[in-house]
Each structure stands twice: as C-alpha cells, then as structure tokens.
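In my numbering, the protein residues as written are 1 to 451. All C-beta atoms in this analysis are idealised placements derived from N, C-alpha and C, irrespective of residue type, glycine included. A quick note: this is a predicted structure, and the numbers were derived from the prediction, not measured.
Structure follows, in structure tokens:
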C-alpha cells in the first residue's frame, strides 16, 4: 500500500484510540471515524511497512452498530471518540478492551469478569472541563477543545458530556475579553494573556467554580469579570491561576481569588468534600459513587482493619473506607490535596484517618521500614502510568490480605497485576465501570487477594 491509495475495507475491530481497524490483503489500516461493521472507502494518508492510517472518504455500507452523533463537531473534536457507536456497543467494546489487556499484557487468568456498570443517561456527566482559548483562521476569538492529537482548537461552547452552565460562562468570558481587548495565549509565540478556562460543578450541591488560567501575574479588570460571572446561579468561586511557563500543563502553581470561596463542595454518598482548582476529583459523580461502593465491597472491611490508600487525592476513597475500617492512612504528592483531605475528614467528623504528603513510592516504604505495622488492606488508585515498581514490591512486603486496585488505564493495570501475581497475589474479581461514556476510556476496580 502507498500513500494516497484509495481502498475499500471492512472494519472488524476498534483500537485503543477509537480508530476502526480493517485489513486489505493482510495489510492493517487504522481509520478514524469508522466503527465495527462499516464497509468504508478509505484514502491512505500514512503508509508504514506492515500497517497504515487511512482517512474516511465514504461509507459504502454503514454498520448496523452505527448511530448519528448528537454533537456536530464529534468527528473533529478529540474528546468523544465513540459517539458514532451505539452505547450498547461502546460497553461491549470496553469490556473486551479490559479482558484483552489483562489477558495479553498481564497474563491474568481464572478471575471473575463482571459486566460493566453502565450509565442510565450517558450525557452531561462531566463535572469538570478545561477549555483552551485561542483564535480561528479568521482571527476570531474561540474557546473549545483540542482536535485529536493536535493543539488546534475546535470551537465549542456547548459540550454534550459537560454541564449546561459551561456555555453561559464561556460567552461571558469571551465578551469580556473582546470588550477589554484581552488577547488569548499563543502557544507558538508565548504571547497573549488568557490560556484556559477551568469550570467545575458540584453534582449534588450545584456549586460552581471558574478558574481562568493566565500568562501573566494579574487579570486586568478581574473584578468586572467576577461581577458578571457571580450572577450565575450556583456560582461560589471565581479565581485565576498564574502560569507563565512554556508548557502544556494547564494550571499554574499560584492561585489568586477574585470572588467568593477558595473551594466548592460536593458529596459522594454521605461524605462532603471540598474541591479546589488543583484537587483531583473524579469527573463523573454518578459513576464515582458506584465505583467507590465496589472498592469498599472488595476491601471486605469489618471494622478491625488497618488500610492504606495510595494516591489518595483529597481523601475521597480514604473517607469512604474509614467508615468501615479501624484506621486508614492516605498518601498523595499534591500538598494542597492533602490539606483538602484533612479538612474533609474534619468536616465529616472522621478521626481514624491520617494523611501524608509525598510520592507513594517513597512515603510508604519509609513508613513501613520505621513502623513494621501490619496492614490488612491496600487500596491503590494511581495515575494513568500505573504504580511505581518499588511501591508494588513494598505492598507485597506489607503482606495485606487484600489489595483493591482502581485504574483508569487497563494496559498499565494489566502490567501491575502481572507483577503482583508473580509475587504471590491472585486477581479475583475485575469490575469495569463506564466513567467516560462516548470515549474509549474505561475505569476498572479489581479485588486481589494474597495466595
């Protein structure tokens, strides 16, 4: 196959990035905007020796599993890779993705795979959104999302998986920028002021936070913008974040308050949490509660156990566990998140928790070497890259009866489960949870027991 060849291909699978997979005379093609069952006419845009990438030219025969995307920019935007796939088929794809990764990468066998926990309404579930600000080719001010694998902004105010207030907030900010001639940030020249707009909303409380990320030390006329945003029902916190670094990291380290509170509140189950701009807090509150209930179930607590919660964030899982455990320790690298965790424990009257700031792979080994305290259960919820291998070895040294592993990446989960199984642990139950409908991402919680 050569670049610019036009071929007709049957789509038989979907890869980890949401691209359709098909073969022509044994040559594998990855084609964006196609789903399993499509017969597609495709133009080859990149040709390697054994595989290539194609661009959809025409759907010769659409798949029976295909649906009309609700969002007009679903194809251009990099956020929702599976909107053209029926929700039922999305769930099947995610179940298979987890099973394939755990079996192929981790060599995990003889465990119970439970059906994925789906959403009743897989729309408007995200309680957090980060909108880059820029200009289109005509020089018009736009906010939206990055196109897949690029930093080209696709204009979007009304995201169908985000909260409905986003549109009104972004309109106010754009009008304010045009009125006071405030320029958006330019990634190529490192000039301009407004980089991103972060919006968070408490699902149960309705409280809203807006944080404008700026390439400067002060937001001019910030009090005017705060006055305009403050009238939106539910608005509780308006801030700006200083980020003058030449980086893709969105939030800066310094946060300034324009109006209202330093944080908003929300609750998971009966526990109330305080959420700041830097706090990690699951973006789908409906599914988070189901996920944490499964983590609690898999922990098998009776009230006598000592528990460690690695990568604890603002203490969401820690406080859930503390209601049923003797003692819970939490560790998190973000100092502000640990302060939130301590306040959350105090706010909820939970006293059997203790939090540490630092890298889990450094804090936990040091704590264990010093105390030699027996740990009954370890809960780990690492970032996408998974657990540090030093931490995995320390966990095994601590010999907990059960490990509960919460993961947002089934590939790194599979790798870590493989390591744990080599060191005397057995994966018992695998429970996928659909935290991110319309996307290829899937959350998984596993129960692992000591042999």
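According to DSSP, residue pairing for residue 426 in a beta bridge involves 449. If only complete runs of 3 or more residues are kept, the stretch 313-398 shows the beta strand (DSSP E) at 327-332, 353-357 and 377-380, in order along the chain. For residue 263, the CB contacts under 8 Å within the same chain, skipping 5 residues up- and downstream, are 209, 237, 274, 275, 276, 279 and 340 in chain order.
For the 7 Å CB-CB criterion, residue 144 and residue 153 form a contact. Boundaries of the beta strand (DSSP E) around residue 239: 235-242. Taking all protein chains in view, the Cβ of residue 373 is surrounded by fewer than 16 other Cβ atoms within 10 Å, so the residue is classified as exposed. Annotation for residue 122: no beta strand (DSSP E) segment contains it, and DSSP assigns it neither H nor E. Residue range 39-47 is occupied by the beta strand (DSSP E) that includes residue 42. Restricting attention to 121, 45 and 146, the CA atom closest to the CA of residue 78 is found in 146. Between the C-alpha atoms of residue 58 and residue 34 there is a straight-line separation of about 10 Å.
Within the same chain, 204 come within 6 Å of residue 267 by CB-CB distance, once the 5 residues on both sides are set aside.
Take residue 73, set aside five residues on each side of it, and the residues of its chain with a beta-carbon closer than 7 Å to its own are 154 and 156, in chain order.
DSSP places residue 197 inside the beta strand (DSSP E), whose first and last residues are 194-201. In the structure shown, residue 187 adopts coil according to DSSP, grouped into three states. Going by DSSP, residue 176 is part of no beta strand (DSSP E) but of the alpha helix (DSSP H) stretching over 165-179. Spatial neighbours of residue 60 in its own chain (CB-CB distance under 7 Å, excluding positions within 5 residues in sequence) are listed in chain order as 8, 39, 40 and 41. Counting the other CB atoms within 10 Å of its CB gives residue 432 a total of 16 or more, which places it among the buried residues. Inter-residue distance for residue 234 and residue 228 is about 13 Å (C-alpha atoms, whole angstroms). Per DSSP, reduced to three states, the secondary structure at residue 115 is coil, with no helix or strand assignment. When DSSP assignments are scanned along the stretch 4-89, the uninterrupted stretches of beta strand (DSSP E) that are 3 or more residues long and fall wholly within it turn out to be 6-14, 20-24, 27-31, 39-47 and 51-61. Distance from the CA atom of residue 20 to the CA atom of residue 67, rounded to whole angstroms, is 15 Å.
The Cβ atoms of residue 321 and residue 334 do not sit closer than 7 Å to each other. Per the C-alpha coordinates, the member of 107, 51 and 96 positioned closest to residue 441 is 96. For residue 304, no alpha helix (DSSP H) segment is defined, and its DSSP state is neither H nor E. Look at residue 413 here: in three-state DSSP terms it is helix. Assigned with DSSP and collapsed to three states, residue 106 falls in coil, not helix or strand.
Counting other Cβ atoms within 10 Å of its Cβ, residue 190 stays below 16 and is therefore classed as exposed. Going by DSSP, residue 223 is part of the alpha helix (DSSP H) stretching over 222-229.
Beyond the five residues adjoining it in sequence on each side, residue 122 comes within less than 7 Å, by CB distance, of 87, 437 and 438 in the same chain, given in chain order. Beta-bridge annotation (DSSP): residue 141 is paired with 135. Between the C-alpha atoms of residue 110 and residue 292 there is a straight-line separation of about 24 Å. By the neighbour-count criterion, in which a residue is buried when 16 or more other Cβ atoms sit within 10 angstroms of its Cβ, residue 104 is exposed. Counting along the chain, no alpha helix (DSSP H) covers residue 155; the unbroken beta strand (DSSP E) around it starts and ends at 153-155.
Following the DSSP letters along the chain, one finds residue 253 in no beta strand (DSSP E), marked with neither H nor E.
DSSP places residue 298 inside the alpha helix (DSSP H), whose first and last residues are 285-299. As DSSP reads the structure, residue 274 sits in a beta bridge with 265.
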